[in-house]
Structures are given as C-alpha cells and as structure tokens.
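Colleague:
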Amino acid sequence: MLKIVTAVIGRDLKLAMRRQADIVSALFFFIIVVSLFPLGVGPEPDLLRKLAPGVLWVAALLATMLSLPRLFADDHRDGTLEQLALAPHPLGLVVTGKVIAHWLVSGLPLALIAPVLGIQFDLSADALLVLTGAILLGTPALSGIGAIGAALTLGLRGGGVLLSLLVLPLYIPVLIFGAGAVDATVTGLGGEGHLSLLAALTFASLGFAPWASAAALKIALE
Amino acid sequence: MKDRFNLYRYASPATFYPLAGRMIPYFAALSVLFGLAGLYLGMLVAPTDFQQGEGYRIIFIHVPASWMSMFIYLVMAFWAAIGLAFNTRLSGMMAQALAPTGALMAFLSLWTGALWGKPMWGAWWVWDARLTSELILLFLYIGFMALTAAIDDPKRADKAGGLLLLVGVVNVPIIYFSVKWWNTLHQGSSVNLTKSSMAQTMLWGMLLMALCFWMYSIAVALLRARTIMLERERHTDWVKAELAGVER
Chain A
9 MLKIVTAVIG RDLKLAMRRQ ADIVSALFFF IIVVSLFPLG VGPEPDLLRK
59 LAPGVLWVAA LLATMLSLPR LFADDHRDGT LEQLALAPHP LGLVVTGKVI
109 AHWLVSGLPL ALIAPVLGIQ FDLSADALLV LTGAILLGTP ALSGIGAIGA
159 ALTLGLRGGG VLLSLLVLPL YIPVLIFGAG AVDATVTGLG GEGHLSLLAA
209 LTFASLGFAP WASAAALKIA LE
Chain B
137 MKDRFNLYRY ASPATFYPLA GRMIPYFAAL SVLFGLAGLY LGMLVAPTDF
187 QQGEGYRIIF IHVPASWMSM FIYLVMAFWA AIGLAFNTRL SGMMAQALAP
237 TGALMAFLSL WTGALWGKPM WGAWWVWDAR LTSELILLFL YIGFMALTAA
287 IDDPKRADKA GGLLLLVGVV NVPIIYFSVK WWNTLHQGSS VNLTKSSMAQ
337 TMLWGMLLMA LCFWMYSIAV ALLRARTIML ERERHTDWVK AELAGVER
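In order, the protein sequence lines correspond to chains A and B. For the first sequence, the working numbering begins at 9 and goes up steadily by one. For the second sequence, the working numbering begins at 137 and goes up steadily by one.
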C-alpha cells in the first residue's frame with residue numbers, strides 16, 4: 009500500500025525537478041506578494057510586526073493555490089490520469105502520493121523561506137520559529153483541500169479562477185489557526201493550542217481529502 | 137393489485153413536475169399567511185425592548201434568514217448525498233434549485249445584520265465569528281453555483297456540485313459552534329428550547345416569520361426545480377406534451 013504512494017511521490021518529484029521553473033516562480037510569487045505589503049502600508053516596525061503573521065499566511069495560501077491547477081491537469085492532458093484511475097490500486101492512495109509530492113514542491117519551500125521574510129517584518133526569534141513550524145504544519149492541509157478543488161475543476165473553462173472561488177473559503181480555518189499561532193507567540197500567550205489545531209486540520213485533511221478528490225476525479229473522467 | 141401510494145414514484149421528473157405544480161400555490165399561500173401573522177406580532181404586538189428600543193425588530197427578518205441560510209445548505213447537502221448514493225436525477229436538480237434561495241438568505245442575513253449592528257454596536261460590520269462564518273457560507277453558495285454553472289454536462293455538474301456540498305457541509309457546524317470557539321463581540325444565541333430570554337410574543341413572532349421563510353423557500357425552490365426539469369428534459373415526450381398543453 010505504501011509502495012504505490014511512494015512510487016507516485018517519486019514520479020511527481022522527478023517530473024517537478026525537470027520543470028524547476030514552476031517551483032521557483034511560485035516561490036517568487038510568495039516573496040513578491042509579501043514584500044509588497046510594507047510598500048503599501050508603510051515601514052513602521054510596530055505595524056509590520058502586527059501584520060506579519062496574516063500577510064505571510066495569506067501569501068502562502070495564494071502561492072499554494074497558484075500551483076494547484078497543475079496538480080492533475082498535465083496528467084489529465086496526456087492520459088496518465090485515466091491509466092492511474094484504471095490501475096488496480098485505490099485512486100485515493102495515488103492522490104495521497106500526489107498531494108504529498110505537491111506539498112514537498114510547493115509547501116516546504118514556503119516554510120523554508122518564510123523565516124527570512126519574517127525578519128523583514130521584524131519578528132522575534134520565537135515568532136520566527138513558530139511561523140516556520142506553523143507553515144510546515146499547515147501547508148499539507150492546503151495541498152490536501154486544494155486537491156479536491158483541483159479535481160472538481162479539472163478540464164473546465166476558467167478553471168483557475170473557479171478553483172480559487174471553491175478552495176479559498178475552505179482554507180479559512182488553516183489561515184485562522186496558522187496566523188493565530190504566530191500572533192499568540194508575539195503577544196506572549198503561547199501558540200501551542202493553535203499549532204495543535206493546525207496539526208489536527210492537517211491530519212484530518214490528509215486522511216479524508218485524497219478520497220474526496222479521488223471521487224471528484226472519477227466524476228471528471230466519466 | 138391496487139395502486140398503492142408510492143413515494144418513489146415522484147423521483148421521476150415526469151411525475152414530480154405536475155406534483156410540484158400543484159404544491160406551489162399551497163406553500164405560497166402559507167408563506168403569505170405566516171408572514172402576515174408574524175409581521176403583525178413582530179411589528180405591532182411585541183413589546184419594545186428595554187435595551188435595544190425599536191431597532192431590535194429587525195431580528196424578525198434577520199434570525200429567520202440566518203436559520204434558513206444554514207438549513208438550506210444542509211438540505212442541499214442531503215440531496216447531494218442522496219444523489220451521489222442512489223444516482224437519482226431529481227436530487228441534483230433540487231440542490232441546484234435551492235442554491236440561489238440559500239445564497240439570498242445568507243445575503244439577507246448579512247445585510248439585516250449590518251443594519252442592526254450600526255445602532256447597536258456602532259459599526260456596520262465587525263469581524264466577529266458568526267458574521268464571518270455567515271460570509272463564508274455565502275462564499276460556499278457562490279462557489280457551488282459557479283461550479284455547476286461552469287460544467288456543461290448536467291450529470292457531471294450535479295455530481296461535482298454534490299461532492300463540493302458534502303465537503304462544504306463541514307463548515308455549517310463550525311458556523312453554529314463558532315460562538316463558543318472564538319469569544320467575540322456577538323451576543324450568544326438568545327433562543328433555546330428550555331429557557332428563553334425573550335418575551336413570548338417576540339418568540340412567536342420570530343417562529344411565525346421562520347415558518348413564512350420556510351414556506352417561501354419551498355415554493356420558490358419548487359418553482360425553480362420545475363424550470364430546471366423542463367430545460368433538462370426538453371428532449372422527452374412528457375415535456376413536449378406539457379408544452380403543447382400550455383400553448384393550447
């Protein structure tokens with residue numbers, strides 16, 4: 009059972025490595041969006057410190073969403089997806105592998121670059137640590153929930169905009185708890201509670217979302 | 137064998153269409169009756185609130201609209217589950233027929249909430265948990281309608297929309313329990329079954345208005361379902377016969 013998951017992860021990572029420009033452009037989108045905010049609201053450190061968790065998280069949501077349409081679209085176009093659906097393995101496991109690969113390619117780099125951007129917002133060392141941890145914990149949920157939206161909008165006109173309409177409302181709990189964790193650390197309340205809820209969201213969505221997206225893929229492939 | 141009453145008979149658009157047509161006037165009439173009675177109780181009989189003055193009377197619209205906006209989403213999710221499980225044609229049509237009414241209720245609830253919030257809180261909008269989740273509910277309705285509108289094949293639209301509804305229905309309990317989750321400005325729910333902090337007449341007015349909104353929603357959803365049926369089944373004989381009857 010694990011074999012099929014790891015095989016899909018390996019395959020998707022290999023494909024992603026051959027098109028590195030996609031990964032890098034999503035990452036730079038994240039960096040640029042975050043850097044725009046100080047230009048928009050002014051350079052006062054107090055204000056920036058207060059804005060940082062929300063800004064970084066919203067930018068992370070948008071950056072994750074940017075790479076979602078490609079999650080299934082390429083495989084759909086060249087027929088691979090149909091072959092995967094016809095394979096004897098449960099489609100949910102295949103999607104689990106694709107979601108994990110998507111996180112490794114889109115969520116993990118965001119978590120790695122986030123502390124650097126946090127410094128621009130004058131966050132303390134504690135807050136930076138929690139920010140990195142929260143993004144590490146929360147982005148798998150984004151990939152999981154996003155996979156449902158990507159599967160539902162597969163092959164539709166204006167799929168990208170539609171995808172954001174479907175997925176962004178469902179991202180709100182992740183945003184609240186993710187930004188809340190950093191906020192609570194900054195104000196000295198401690199972010200453990202938020203981080204636990206974030207982990208719960210991630211595990212729940214990694215457990216359920218692949219099966220929902222598998223069902224959506226079967227609808228799209230009919 | 138005698139022709140026994142069979143509910144499944146009405147799972148087919150050809151038999152449900154005339155049934156819906158017969159039911160609509162009753163629900164519409166009930167809606168008007170309940171509405172008149174509820175407005176009479178709410179606007180003329182119910183006492184002025186000693187804290188909130190006359191402004192509180194907007195709850196006779198606001199609370200039923202909020203209830204309906206949540207309830208309609210649940211009903212849509214119910215039809216979606218039936219449709220996905222038993223592959224029935226009518227379920228998807230019902231879900232699609234209910235969506236605009238649900239979105240309207242969510243919008244009404246937000247709008248009247250803003251009108252109520254200005255004199256009470258001094259702000260049109262506060263980022264309170266309940267307001268925010270009602271807004272998210274509106275987004276969910278709009279997402280559902282956008283998704284089903286973007287898919288040309290009605291069968292795929294029904295199934296994809298149904299799946300989205302089942303995913304989104306996780307949000308409805310979050311709305312309801314959000315008051316407990318996040319502690320914010322919004323006052324707690326003032327209606328509960330055992331002990332109500334409201335005057336009896338206010339409660340009755342609100343319940344009558346809720347019934348009025350309920351009947352209105354059913355009537356409008358059936359009306360919309362009838363047009364969806366005609367549109368989707370336009371190649372069938374029963375629709376042709378129906379339309380020929382209209383022209384004659």
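By construction, the Cβ of each residue, glycine as well, lies at the ideal position given by its N, Cα and C atoms. All values derive from a computational prediction rather than experimental measurement.
Would the beta-carbon of A217 (chain B) fall within 8 Å of that of L302 (chain B)?
Modeller: For this step, residue 217 (chain B) is matched to residue 81 along the second sequence. For this step, residue 302 (chain B) is matched to residue 166 along the second sequence. In contact: A217 (chain B) and L302 (chain B) (Cβ atoms closer than 8 Å).
Colleague: Find out if the Cβ-Cβ distance for the pair L3 (chain A), Y179 (chain A) is shorter than 8 Å.
Modeller: Summary: the structure shown does not reach residue 3 (chain A), with chain A confined to residues 9 through 230, and so no result is reported for it.
Colleague: Measure the alpha-carbon distance for V211 (chain B) versus A156 (chain B) and round it to whole angstroms.
Modeller: Counting from 1 along the second sequence, the entry for residue 211 (chain B) is found at position 75. Counting from 1 along the second sequence, the entry for residue 156 (chain B) is found at position 20. Roughly 17 Å separates the two Cα atoms.
Colleague: Quick one, are the C-beta atoms of L171 (chain A) and G152 (chain A) less than 8 Å apart?
Modeller: If you number the first sequence from 1, residue 171 (chain A) lands on position 163. If you number the first sequence from 1, residue 152 (chain A) lands on position 144. In this structure, L171 (chain A) keeps its C-beta atom at 8 Å or more from the C-beta atom of G152 (chain A).
Colleague: For chain A, is any of its Cβ atoms less than 8 Å away from the one on G279 (chain B)?
Modeller: Sequence index remark: in the second sequence, residue 279 (chain B) carries index 143 (1-based). Yes, G279 (chain B) counts as interfacial toward chain A.
Colleague: Do you know whose CA, among B:G341, B:L358, B:A147, B:T337, lies nearest N223 (chain B)'s CA?
Modeller: Translated into the one-based positions of the second sequence, residue 223 (chain B) becomes position 87. When only C-alpha atoms are compared, the closest one is B:A147.
Colleague: Just mark G117 (chain B) as buried or exposed, buried being the case when its beta carbon has 16 or more other beta carbons within 10 Å.
Modeller: Because chain B here runs from 137 to 384, residue 117 (chain B) falls outside it and cannot be looked at.
Colleague: According to DSSP, is T372 (chain B) part of a helix, a strand, or is it coil?
Modeller: Counting from 1 along the second sequence, the entry for residue 372 (chain B) is found at position 236. In the structure shown, T372 (chain B) falls within a coil segment according to DSSP collapsed to helix, strand and coil.
Colleague: My guess is that L273 (chain B) and M206 (chain B) are in contact by the Cβ rule of under 8 Å, so how many angstroms apart are they, rounded?
Modeller: Position 137 of the second sequence, counting from 1, holds the residue named residue 273 (chain B). Position 70 of the second sequence, counting from 1, holds the residue named residue 206 (chain B). Yes, L273 (chain B) and M206 (chain B) are in contact; Cβ-Cβ is about 7 Å, under 8 Å.
Colleague: Which residues of the stretch 282–303 of chain B have a Cβ closer than 7 Å to any Cβ of chain A? Give them in chain order.
Modeller: A282, L283, A286, I287, R292, K295, A296, L299, L300, V303
Colleague: To the nearest angstrom, how far is the alpha carbon of I311 (chain B) from that of F185 (chain A)?
Modeller: Position 175 of the second sequence, counting from 1, holds the residue named residue 311 (chain B). Position 177 of the first sequence, counting from 1, holds the residue named residue 185 (chain A). The pLDDT assigned to I311 (chain B) is 47, lower than 50, so where the model puts this residue is not dependable, and the model offers no usable value.
Colleague: By the three-class DSSP mapping on this structure, what secondary structure does I287 (chain B) have?
Modeller: As a first step, residue 287 (chain B) must be located in the second sequence, where it is residue number 151. Reduced to three states, the DSSP call for I287 (chain B) is coil.
Colleague: Any beta carbon from chain B within less than 8 Å of V201 (chain A)'s own beta carbon?
Modeller: Taking the first sequence and counting its residues from 1, the one referred to as residue 201 (chain A) is at position 193. With the sequence shown as reference, residue 201 (chain A) is identified as Gly, and Val is not the correct amino acid for it. Taking Cβ atoms only, chain B never reaches closer than 8 Å to G201 (chain A), which makes this a no.
Colleague: Report buried or exposed for E230 (chain A), applying the criterion of at least 16 other Cβ atoms within 10 angstroms of its Cβ.
Modeller: In the first sequence, counting from the first residue as 1, residue 230 (chain A) sits at position 222. Exposed, because fewer than 16 other Cβ atoms sit within 10 Å of the Cβ of E230 (chain A).
Colleague: Taking only the alpha-carbon atoms, compute the straight-line gap between A207 (chain A) and M365 (chain B) and give it to the nearest angstrom.
Modeller: For the purposes of this step, residue 207 (chain A) is taken as the residue at position 199 of the first sequence. For the purposes of this step, residue 365 (chain B) is taken as the residue at position 229 of the second sequence. Straight-line Cα distance between these residues: approximately 45 Å.
Colleague: In three-state terms, what does DSSP make of W261 (chain B)?
Modeller: As a first step, residue 261 (chain B) is located in the second sequence; it is residue number 125 there, counting from the start. W261 (chain B) falls in the coil class under three-state DSSP.
Colleague: What do you reckon, are the CB atoms on L125 (chain A) and L64 (chain A) nearer than 8 Å?
Modeller: Here residue 125 (chain A) corresponds to residue number 117 of the first sequence, with the count starting at 1. Here residue 64 (chain A) corresponds to residue number 56 of the first sequence, with the count starting at 1. Their beta carbons are under 8 Å apart, which means L125 (chain A) touches L64 (chain A) by this criterion.
Colleague: Please decide whether L267 (chain B) counts as near chain A, where near means a Cβ-Cβ distance under 8 Å.
Modeller: Position 131 of the second sequence, counting from 1, holds the residue named residue 267 (chain B). It does not: the Cβ of L267 (chain B) has no partner Cβ on chain A nearer than 8 Å.
Colleague: Just how far apart, CA to CA, sit I39 (chain A) and L139 (chain A)?
Modeller: For the purposes of this step, residue 39 (chain A) is taken as residue 31 along the first sequence, with counting starting at 1. For the purposes of this step, residue 139 (chain A) is taken as residue 131 along the first sequence, with counting starting at 1. One C-alpha to the other measures close to 15 Å.
Colleague: Starting from the N-terminal side, write out each stretch of the alpha helix (DSSP H) that is 4 residues or longer and does not extend beyond the stretch 119–171 of chain A.
Modeller: 133–160
Colleague: Going along chain B, which residues have a C-beta under 7 Å from P177 (chain A)?
Modeller: Locating residue 177 (chain A) in the first sequence gives position 169, where the first residue counts as 1. Correct list: I272, F275, L276, G279.
Colleague: Using the rule of at least 16 other Cβ atoms within 10 Å of the residue's Cβ for burial, across every protein chain shown, is S167 (chain B) buried or exposed?
Modeller: Numbered from 1 along the second sequence, position 31 holds the residue referred to as residue 167 (chain B). When all chains shown are included, S167 (chain B) counts as buried.
Colleague: Identify which residue in A:L101, A:T161, A:L47 has its Cα closest to the Cα of I17 (chain A).
Modeller: Counting from one through the first sequence, the residue named residue 17 (chain A) turns up at place 9. Comparing Cα-Cα distances from I17 (chain A) to each of A:L101, A:T161, A:L47, the minimum goes to A:L101.
Colleague: Measure from the C-beta of G166 (chain A) to each C-beta in chain B and report whether the shortest distance is under 8 Å.
Modeller: By 1-based counting over the first sequence, the position of residue 166 (chain A) is 158. Yes, its Cβ sits closer than 8 Å to a Cβ of chain B.
Colleague: If you follow the alpha helix (DSSP H) that S114 (chain A) is part of, which residue opens it and which one closes it?
Modeller: For the purposes of this step, residue 114 (chain A) is identified with residue 106 of the first sequence, where counting begins at 1. Here S114 (chain A) belongs to no alpha helix (DSSP H), and DSSP marks it neither H nor E.
Colleague: Would you mind reading off the limits of the alpha helix (DSSP H) that contains I194 (chain B)?
Modeller: To locate residue 194 (chain B), count along the second sequence from 1; it is residue 58. From DSSP, I194 (chain B) is part of no alpha helix (DSSP H); its letter is neither H nor E.
Colleague: Could you check the C-alpha separation between D20 (chain A) and E270 (chain B) for me, to the nearest Å?
Modeller: The sequence position of residue 20 (chain A) within the first sequence is 12, counting from 1. The sequence position of residue 270 (chain B) within the second sequence is 134, counting from 1. Computed Cα separation, rounded: 38 Å.
Colleague: Is A24 (chain A) close to chain B, meaning its C-beta is less than 8 Å from at least one C-beta of that chain?
Modeller: Here residue 24 (chain A) is taken as the residue at index 16 of the first sequence, counted from 1. No, A24 (chain A) lies away from the interface with chain B (no Cβ there is under 8 Å from its Cβ).
Colleague: Would you kindly work out how many angstroms separate the C-alpha atoms of G253 (chain B) and L244 (chain B), rounded to a whole number?
Modeller: The residue you call residue 253 (chain B) lines up with position 117 of the second sequence. The residue you call residue 244 (chain B) lines up with position 108 of the second sequence. Distance between the alpha carbons of G253 (chain B) and L244 (chain B) is about 14 Å.
Colleague: Nearest to S353 (chain B) by CA position, among B:Y153, B:W203, B:F196, is which residue?
Modeller: In the second sequence, residue 353 (chain B) corresponds to position 217, counting from 1. Closest option to S353 (chain B), Cα to Cα, is B:W203.
Colleague: For chain B, check one thing: does any of its Cβ atoms lie closer than 8 Å to the Cβ of A223 (chain A)?
Modeller: Stepping through the first sequence from its first residue, residue 223 (chain A) is reached at position 215. With 8 Å as the cut-off, A223 (chain A) counts as an interface residue toward chain B.
Colleague: Mind reading off the beta-carbon distance from M345 (chain B) to F196 (chain B)? Whole number of angstroms is fine, and I expect it under 8 Å.
Modeller: In the second sequence, counting from the first residue as 1, residue 345 (chain B) sits at position 209. In the second sequence, counting from the first residue as 1, residue 196 (chain B) sits at position 60. With a Cβ gap of about 5 Å, M345 (chain B) and F196 (chain B) count as contacting.
Colleague: Got a sec: is the Cβ-Cβ distance from L160 (chain A) to anything in chain B below 8 Å?
Modeller: Start at 1 with the first residue of the first sequence, and residue 160 (chain A) comes out as number 152. Cβ-Cβ to chain B under 8 Å: yes for L160 (chain A).
Colleague: Report back the beta-carbon spacing between P149 (chain B) and R225 (chain B) to the nearest angstrom; my notes put them in contact at under 8 Å.
Modeller: Numbered from 1 along the second sequence, position 13 holds the residue referred to as residue 149 (chain B). Numbered from 1 along the second sequence, position 89 holds the residue referred to as residue 225 (chain B). Sure, about 6 Å apart at Cβ, within 8 Å.
Colleague: What does the alpha-carbon distance come out to for the pair A93 (chain A) and R26 (chain A)?
Modeller: Residue mapping note: residue 93 (chain A) aligns to position 85 of the first sequence, counting from 1. Residue mapping note: residue 26 (chain A) aligns to position 18 of the first sequence, counting from 1. Cα to Cα, A93 (chain A) sits roughly 24 Å from R26 (chain A).
Colleague: Using a threshold of 8 Å, state whether the C-beta atoms of V190 (chain A) and P98 (chain A) are closer than that.
Modeller: Position 182 of the first sequence, counted from the first residue, corresponds to residue 190 (chain A). Position 90 of the first sequence, counted from the first residue, corresponds to residue 98 (chain A). Contact: no.
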